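Report on the following structure.
2 protein chains.
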Amino acid sequence: MKVTLADVAAAAGVSVPTVSKVVHGRADVAPETRSRVEALLAEYNYATPRRASRPGLIDLVFTGELNPWAVEIISGAEKAAFAGGHRVAVSVLAGETSADEWLARLSASRADGVILVLTELSPAHRRQLAALRVPVVIVDPVGQPDPRIPSVGAANWAGGLMATEHLIELGHRRIGTITGRPALLCSQARVDGYRAALEHADLPIDPALVCTGDFHFEAALAAAHDMLSLADPPTAIFAGNDIEAMGVYEAARLHKLRIPDDLSVVGFDDLPMSAWVSPPLTTVAQPLAQMAAMATRMVLVAPADATGNRMELATSLVIRSSTAAPPAQKRIGAR
Amino acid sequence: MKVTLADVAAAAGVSVPTVSKVVHGRADVAPETRSRVEALLAEYNYATPRRASRPGLIDLVFTGELNPWAVEIISGAEKAAFAGGHRVAVSVLAGETSADEWLARLSASRADGVILVLTELSPAHRRQLAALRVPVVIVDPVGQPDPRIPSVGAANWAGGLMATEHLIELGHRRIGTITGRPALLCSQARVDGYRAALEHADLPIDPALVCTGDFHFEAALAAAHDMLSLADPPTAIFAGNDIEAMGVYEAARLHKLRIPDDLSVVGFDDLPMSAWVSPPLTTVAQPLAQMAAMATRMVLVAPADATGNRMELATSLVIRSSTAAPPAQKRIGAR
Chain H
43 MKVTLADVAA
53 AAGVSVPTVS
63 KVVHGRADVA
73 PETRSRVEAL
83 LAEYNYATPR
93 RASRPGLIDL
103 VFTGELNPWA
113 VEIISGAEKA
123 AFAGGHRVAV
133 SVLAGETSAD
143 EWLARLSASR
153 ADGVILVLTE
163 LSPAHRRQLA
173 ALRVPVVIVD
183 PVGQPDPRIP
193 SVGAANWAGG
203 LMATEHLIEL
213 GHRRIGTITG
223 RPALLCSQAR
233 VDGYRAALEH
243 ADLPIDPALV
253 CTGDFHFEAA
263 LAAAHDMLSL
273 ADPPTAIFAG
283 NDIEAMGVYE
293 AARLHKLRIP
303 DDLSVVGFDD
313 LPMSAWVSPP
323 LTTVAQPLAQ
333 MAAMATRMVL
343 VAPADATGNR
353 MELATSLVIR
363 SSTAAPPAQK
373 RIGAR
Chain R
43 MKVTLADVAA
53 AAGVSVPTVS
63 KVVHGRADVA
73 PETRSRVEAL
83 LAEYNYATPR
93 RASRPGLIDL
103 VFTGELNPWA
113 VEIISGAEKA
123 AFAGGHRVAV
133 SVLAGETSAD
143 EWLARLSASR
153 ADGVILVLTE
163 LSPAHRRQLA
173 ALRVPVVIVD
183 PVGQPDPRIP
193 SVGAANWAGG
203 LMATEHLIEL
213 GHRRIGTITG
223 RPALLCSQAR
233 VDGYRAALEH
243 ADLPIDPALV
253 CTGDFHFEAA
263 LAAAHDMLSL
273 ADPPTAIFAG
283 NDIEAMGVYE
293 AARLHKLRIP
303 DDLSVVGFDD
313 LPMSAWVSPP
323 LTTVAQPLAQ
333 MAAMATRMVL
343 VAPADATGNR
353 MELATSLVIR
363 SSTAAPPAQK
373 RIGAR
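Taken in order, these protein sequences are the chains called H and R. If you want the numbering used here, it's the position in the first sequence, counting the first as 1, plus 42. If you want the numbering used here, it's the position in the second sequence, counting the first as 1, plus 42.
Okay, here's the thing in structure tokens:
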């Protein structure tokens with residue numbers, strides 16, 4: 043049974059001309075009305091014609107605060123969009139209200155595609171976004187991604203494995219880790235890679251050496267302080283990201299431990315900053331700019347084909363000066 | 043004598059309907075033709091009607107690579123734009139060609155305002171931009187800003203003065219500095235602040251202690267290495283920005299000098315990273331997000347009134363753990 047504009051108008055409690063305006067993308071409709079009508083059109087599977095004029099814009103959406111990590115993403119997306127004749131608009135959502143406003147604005151002014159970066163939308167917001175029929179790609183899914191939405195991530199598990207294997211090869215046996223935000227898929231994968239490396243080397247997993255972090259400096263400093271205060275402290279720490287690694291550096295300084303002589307540290311991300319800190323940080327490189335470029339091309343070029351794709355780009359270990367053999371090993375070597 | 047469309051068409055070597063299309067902002071005109079016609083319209087002072095529909099977009103333009111500094115600017119602009127119901131598009135120009143493409147795109151799809159961040163346009167590009175009649179504000183002018191274009195900067199001279207006075211107050215007498223890119227107004231102002239502080243304290247300015255940098259890590263590392271290799275090395279270094287300060291940290295580590303015990307370091311910018319490095323960096327805070335927010339409000343709210351305004355927002359010294367009394371002073375104190 044075919045749904046008519048009149049059916050949608052009745053369900054939405056608005057006039058038929060209003061529904062028609064929404065269908066044809068006219069601007070003179072109140073945002074709330076537009077959202078309601080669009081949701082119903084999507085629910086009834088009413089085929090809205092694609093806009094003829096494309097705004098030439100990709101909406102790159104972050105949640106919370108922009109951090110040094112975000113700059114790599116913006117940079118990669120901007121380059122790919124520019125090459126495709128598009129511009130990148132950056133939106134930063136902070137809470138439910140701003141997601142409402144962002145969706146209202148997107149609905150009124152449109153975009154050719156939306157890239158959600160580590161952004162979790164509520165089910166209601168997800169429905170509203172789907173109703174807009176704009177191609178969406180997720181970068182770094184927060185949880186298990188919706189199988190209908192393509193996503194781009196990094197090989198986080200392999201990165202955690204590599205980082206920990208590097209420390210094991212240097213001779214470390216007491217290796218601690220500080221996780222990222224536990225609810226995030228990428229954090230879980232990194233810790234699982236750490237565990238897998240220890241298991242593979244027949245090393246025990248000491249729960250006292252697996253500390254919960256949140257990707258920020260303060261919690262990592264506290265966690266590293268706790269681990270370094272243990273009777274049997276770790277000789278190496280794998281941090282959930284480069285910013286957490288900075289917390290470990292500071293804890294080491296406060297404990298009068300030299301890096302890498304007394305304590306080895308590995309980060310994750312390979313932010314530009316990791317080459318500037320002292321000593322330069324050994325870290326797992328995540329191809330953030332490439333991930334963003336890939337997502338940009340996915341929303342621009344082949345949104346239909348990309349549906350349900352889950353891309354995972356390779357990570358690699360960048361060895362700098364923050365990792366070395368553990369002190370005990372060195373003492374044995376010096377004998 | 044009033045200029046007609048026919049005059050402009052004749053001068054541009056195109057038809058009258060083409061000029062009319064440009065005047066009315068129609069999309070179906072080749073970018074080169076549009077630029078040529080717009081330049082002539084501006085030259086003849088032909089009053090182009092402002093577009094009725096505002097795209098709700100501010101174009102935030104950087105040159106070169108996005109760095110951690112840029113994220114603060116994007117963040118501030120995004121918040122201010124969002125509050126005003128606008129989106130922020132980020133453009134990164136790398137060379138003349140990309141400036142051409144950017145202007146062509148801006149001409150075709152428009153923006154409600156343009157914010158140029160540390161971006162130097164060629165005179166030809168400046169004329170093209172002026173012809174588009176989009177409000178423009180400059181953040182951190184590269185050179186002496188065009189008096190007709192409003193700009194927002196920070197109190198760089200006062201920042202350089204504060205940083206150096208802080209070191210003098212701690213008892214330092216041999217204070218080195220590493221400049222930013224010498225061609226930039228902000229770099230010049232910071233070094234002049236440094237000189238003024240030394241002069242005010244009746245301390246000599248030793249040319250060997252004033253090293254040229256470029257705001258990047260490598261050159262600062264080399265400059266700091268040179269200064270620390272002098273027969274009479276400095277006991278403190280004021281770096282042109284936080285990234286340069288990281289170069290000084292690394293040079294100190296390689297010279298086996300502890301910060302702040304053997305060497306004091308002050309940065310500039312107060313990037314989030316400066317609170318995470320070890321030891322946490324004393325630095326001059328530049329209100330980057332506020333500068334960007336101010337520029338955003340200036341392009342959105344009162345472009346006409348703002349013409350020629352030059353705003354300078356205050357800087358402030360953030361004292362962390364990288365500055366202390368010089369070693370000689372300590373030895374005297376310990377006697």
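Backbone N, C-alpha and C define an ideal beta-carbon position, used for all residues, glycine too. In this text, all values refer to a predicted model and were calculated from it rather than measured experimentally.
In the structure shown, residue 138 (chain R) falls within a helical segment according to DSSP collapsed to helix, strand and coil. With respect to residue 131 (chain R), residue 167 (chain R) sits apart: the two C-beta atoms are not nearer than 8 Å.
Between the alpha carbons of residue 246 (chain H) and residue 335 (chain H) lies a distance of about 40 Å. For residue 133 (chain H), the closest of R:137, R:189, R:113 by C-alpha to C-alpha distance is R:113.
Separation of the CB atoms of residue 307 (chain H) and residue 301 (chain H) is rounded to 6 Å, and the pair is thereby assigned contact status at 8 Å. Using a CB distance cut-off of 8 Å, residue 109 (chain R) counts as an interface residue toward chain H.
Residue nearest to residue 79 (chain R) within the set R:272, R:47, R:227 is R:47 (criterion: CA-CA distance). Contacts with chain H at 8 Å (Cβ-Cβ) include residue 98 (chain R). Chain-order list of chain H residues neighbouring residue 132 (chain R): 116, 120, 130, 132, by C-beta distance under 7 Å.
Among the CB atoms of chain H, none fall inside 8 Å of the CB of residue 72 (chain R).
The Cβ atoms of residue 163 (chain R) and residue 182 (chain R) lie no closer than 8 Å to each other.
Identification of chain R residues near residue 291 (chain H) by a Cβ-Cβ cut-off of 7 Å yields 320, ordered along the chain.
Put simply, the segment 202 to 221 of chain R touches the segment 242 to 256 of chain R. At least three CB pairs are less than 8 Å apart.
One alpha carbon belongs to residue 242 (chain H), the other to residue 332 (chain R), and they sit about 51 Å apart. With respect to the 8 Å criterion, residue 98 (chain H) and residue 127 (chain H) are classified as neighbours on the basis of their beta carbons. Taking 9 Å as the Cβ-Cβ cut-off, the segment 313 to 342 of chain R approaches chain H at 313, 314, 315, 317, 318, 319, 320, 321, 322, given in chain order. CA-CA distance, residue 175 (chain R) to residue 151 (chain R), rounds to 13 Å.
Less than 8 Å divides the Cβ of residue 278 (chain H) from the Cβ of residue 305 (chain H).
Taking CB atoms only, residue 288 (chain R) has a neighbour in chain H less than 8 Å away.
Looking at the backbone, the Cα of residue 297 (chain H) and that of residue 153 (chain R) are separated by about 53 Å. In the structure shown, residue 243 (chain H) falls within a coil segment according to DSSP collapsed to helix, strand and coil. Of all residues in the segment 237 to 266 of chain H, only 259 place a beta-carbon less than 7 Å from a beta-carbon of chain R.
Contact annotation: in the segment 210 to 232 of chain H, no residue has its CB less than 7 Å from a CB in chain R. Secondary structure of residue 45 (chain R) (DSSP, three-state): coil. The distance from the Cβ of residue 171 (chain H) to that of residue 145 (chain H) is about 7 Å, consistent with a contact at the 8 Å cut-off.
When DSSP states are grouped into helix, strand and coil, residue 78 (chain R) belongs to the helix group. For the options H:123, H:85, H:251, H:83, the alpha carbon positioned closest to that of residue 102 (chain H) is the one of H:123. Under the 10 Å beta carbon count, residue 138 (chain H) is surrounded by fewer than 16 other beta carbons and is classified as exposed. The beta carbon of residue 307 (chain R) does not come within 8 Å of any beta carbon belonging to chain H, so the residue lies off that interface. In the three-state scheme derived from DSSP, where H, G and I count as helix and E and B as strand, residue 273 (chain H) is classed as coil. For residue 112 (chain R), the neighbours in chain H by C-beta distance under 9 Å run, in chain order, 113, 116, 117. The residues 263, in chain order, have a CB closer than 6 Å to that of residue 292 (chain R) in the same chain once the five nearest residues on each side in sequence are set aside. Nearest in C-alpha terms to residue 355 (chain H), of all of H:337, H:273, H:362, H:366, is H:337. When beta bridges are read from the DSSP output, residue 310 (chain R) appears opposite R:326. Residue pairing by DSSP places residue 103 (chain R) opposite R:133, R:158 in a beta bridge. Chain H has a Cβ within less than 8 Å of the Cβ of residue 151 (chain R).
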